[in-house]
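If you use our numbering, the sequence shown corresponds to residues 1 to 462, in order.
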Amino acid sequence: MDDKPVFVVTGPPNKGKSSLVSALINDDRVEIDERAGTTTKSVEYPIKVDGETMLAIWDTPGFENVRQLKEILLDWGIKESGKDNLELFRRFCHEYRDDRDFHNEIEILTPIVMFGGMIVYVVDSSVPYSDSQYLNEIEIIKMTGLPRIAILNPIDGSDELEEWRTHLKEHFSLIKVFNPYKTTFDERLRLFDAFSHLESIWEERIHKTIEYLKRNRENVLHDSANIISVTVLEVYHSKYQVPCDNLKTEADHIKLLFNELEEKVRRIFDKRKNEIVNLFGYRKIPVNASYELKENNVLQKTSIKKYLSPNQKALIGAVVGASAGATVDVTLLGGGLGAPTVLGTIIGAGVGYLKDFDPVNIIKGVSKTGRMYKVDKLKPELGFIIINCFRELITLLYNKSAADREPIKINYDYDKKTTYKFVHIMNKVIKESNLDLYSDNVKTELRRVVQDQLVQDNKMVN
1 MDDKPVFVVT GPPNKGKSSL VSALINDDRV EIDERAGTTT KSVEYPIKVD GETMLAIWDT
61 PGFENVRQLK EILLDWGIKE SGKDNLELFR RFCHEYRDDR DFHNEIEILT PIVMFGGMIV
121 YVVDSSVPYS DSQYLNEIEI IKMTGLPRIA ILNPIDGSDE LEEWRTHLKE HFSLIKVFNP
181 YKTTFDERLR LFDAFSHLES IWEERIHKTI EYLKRNRENV LHDSANIISV TVLEVYHSKY
241 QVPCDNLKTE ADHIKLLFNE LEEKVRRIFD KRKNEIVNLF GYRKIPVNAS YELKENNVLQ
301 KTSIKKYLSP NQKALIGAVV GASAGATVDV TLLGGGLGAP TVLGTIIGAG VGYLKDFDPV
361 NIIKGVSKTG RMYKVDKLKP ELGFIIINCF RELITLLYNK SAADREPIKI NYDYDKKTTY
421 KFVHIMNKVI KESNLDLYSD NVKTELRRVV QDQLVQDNKM VN
């Protein structure tokens, strides 16, 4: 057996084999379909670290004529287990390689006889166990003499788990419950760690792979935070202006300015969203099908309602009101806004909570210069909306299994201390937005608070 781990994933059709592979390698190229028989060929999916293949996972079809396979092997004198058994499996692959009746069995056994490795047997543990349906497959796997683990996939519930454990414990070295559709990043790492205990010569490579995946996770969060902060800075630094029309009122011009703002923000957001999707390496996952902002328009009323709740508006208003009346750099660190800021807090919270937040109100100030109206200042709420949109996208991409194509939910509201931190840095962004360049301090501080929140989001999901 090679010291490079090879995992051959097999089992009955349509029980989650490809979903397991997709989840473990976090690659959405693995074909997943509710119909049985989607996987017809064995496919290798390597995991590489610094260009070196550390381990490989094979996705295989479901068994098709396993009873006939068992009869042939018994006629050849195969034992329940033995050192010569793999040679008989090789003989079968050679003699029956062109027999269509054994197409799936050949596809399953080929990587097994080529590499040895470990067999990962996936079953739907939400249905009752049946000797007549599964025992022949289990006995064939056992005959290989290779390390083997059973994955109980509770597709529709866990009522039958103990029955499955009872029947499989004498046949498999290890039994794990793992739902590839509901798994988190940390759960995937724990399954890899479980694999490492089945073969001592694999431990070093598997643990190196785990450390690489952890390191890559941190790097992706860092890079995502940088993309988000760059987006916020670009939105606030961009110029928004429209020609003056003497037949229109100032309110009319503000609406035109908002349309200009809305379109520019949409383009900026769309570009940065694609950068983040590429950063995560997804190719086929239907991001827009799960991610509600199909048009990437973060300034629609529905978007603002979703990403800026009344409670959060109230808290932002409280901090902004407090900031207007006093220095609050340290007040929230103790858990409260402090007595000197009570009046501003009450006024800000009341306005923020009760007022229906019309998207146009994102614009805080406009001015007329010559024949142009321009935006002078944007409110800090826009930064919260943009950041929350990206938080949802990143949580979708990172904490979900690639096998899971359903939406994921996070809490868009921030606690008091975090709200203060974001308002504090957004005030700095607004102050420097009219300068040629933002200071390094502002760029670093914004990225840091965004990254801290992304890390916190991931912890809550895991």
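Glycine residues also receive a C-beta, built at the ideal position from the N, C-alpha and C atoms. Treat the numbers as computed from the prediction; the structure is a model and nothing was measured.
One or two residues paired with residue i in a DSSP bridge
i    : result
I149 : V120, L174
S309 : DSSP output for S309 lists no bridge partner at all.
Y45  : I57
V375 : V366
T10  : Y121
E52  : V49
Cut-off 6 angstroms between Cβ atoms - residues of its own chain near residue i, not counting five sequence neighbours on either side
i    : result
F280 : L397
V177 : L152
L315 : T419
K305 : none
L382 : I362
I138 : H171
E262 : L299
R447 : A225, N226, S229
K379 : I362, K364
P147 : M118, S173, L198, E199
Span separating the alpha-carbon of residue i from that of residue j
i    : j    : result
S224 : Q451 : 8 angstroms
Y121 : V235 : 51 angstroms
E80  : K41  : 28 angstroms
L299 : P5   : 49 angstroms
V8   : G62  : 12 angstroms
N484 : N297 : With the chain running from 1 to 462 in the structure shown, residue 484 is simply not present.
V423 : V319 : 7 angstroms
V220 : T249 : 47 angstroms
E445 : I425 : 7 angstroms
L73  : G11  : 19 angstroms
D245 : I410 : 44 angstroms
D50  : Y181 : 29 angstroms
R97  : H103 : 7 angstroms
V455 : Q241 : 37 angstroms
E95  : G116 : 19 angstroms
H207 : E260 : 52 angstroms
R205 : N65  : 35 angstroms
R91  : K48  : 32 angstroms
L55  : L233 : 41 angstroms
V330 : K421 : In this prediction, V330 scores a pLDDT of 41, lower than 50, which makes its location untrustworthy; no coordinate-derived value is stated.
R267 : L174 : 51 angstroms
A36  : D415 : Only weak support is given to the placement of A36: the predicted model assigns it a pLDDT of 45, under 50, and the question is left unresolved by the model.
A150 : I201 : 20 angstroms
I228 : S158 : 40 angstroms
R67  : L198 : 28 angstroms
Q133 : T110 : 23 angstroms
K301 : L20  : 39 angstroms
F269 : R100 : 52 angstroms
V449 : V442 : 11 angstroms
A251 : T395 : 38 angstroms
L435 : N14  : 59 angstroms
N226 : E44  : 34 angstroms
I25  : D413 : 32 angstroms
D457 : D156 : 27 angstroms
L247 : F384 : 35 angstroms
V328 : I386 : Confidence at V328 is low in this model, with a pLDDT of 47, below 50, so the placement of that residue is unreliable and no value is reported for it.
R463 : K313 : Residue numbering for the chain in the displayed model covers 1 to 462; residue 463 lies beyond these limits and cannot be assessed.
D376 : T231 : 19 angstroms
Own chain, CB closer than 8 angstroms to residue i, minus 5 neighbours either side, in chain order
i    : result
T144 : N85, L86, F89, I112, I119
L189 : I210, L213, K214
I78  : N85, L88, M143
L333 : In this predicted model, L333 has a pLDDT of only 45, less than 50, meaning its place in the structure is not dependable enough to derive any value.
T53  : K4, P46, I47
Sequence-distant residues of the same chain with beta carbon closer than 7 angstroms to residue i, five excluded per side
i    : result
K255 : V360
V265 : V235, V298, L299
R217 : F185
S439 : E432
I106 : C93, Y96, R97
H222 : Q451
P154 : S125, S126, L161, V177, N179
F192 : I206, T209, I210
V351 : For V351, the predicted structure reports a pLDDT of 47, less than 50, and the residue's modelled location is therefore unreliable. The matter cannot be settled from this model.
is_contact[residue i, chain C] using C-beta, thresh 8 angstroms
i   : result
K41 : Annotation note: the requested chain C is absent from the structure, which comprises a single protein chain.
Cβ contact (3+ pairs, closer than 8 angstroms) linking the segment 309 to 322 and the segment 362 to 371: Segments in contact, no.
Three CB pairs or more closer than 8 angstroms across the segment 154 to 165 and the segment 110 to 127: In short, these stretches touch, since the Cβ pair count reaches three.
Within the segment 197 to 276, ranges of the alpha helix (DSSP H) (whole runs, at least 4 residues): Inside the segment 197 to 276, DSSP marks whole alpha helix (DSSP H) runs of 4 or more residues at positions 203 to 237, from first to last along the chain.
Inspect the CB distances between the segment 416 to 436 and the segment 201 to 216 and report whether three or more fall short of 8 angstroms. Segments in contact, no.
Which ranges does the alpha helix (DSSP H) cover as unbroken runs of at least 4 residues, wholly within the segment 79 to 137, from first to last along the chain? The alpha helix (DSSP H) runs of length 4 or more contained entirely in the segment 79 to 137 are, from start to end of the chain, 85 to 95, 103 to 115.
Inside the segment 405 to 446 only - alpha helix (DSSP H) runs reaching at least 4 residues: Counting only runs of 4 or more, we get 416 to 432.
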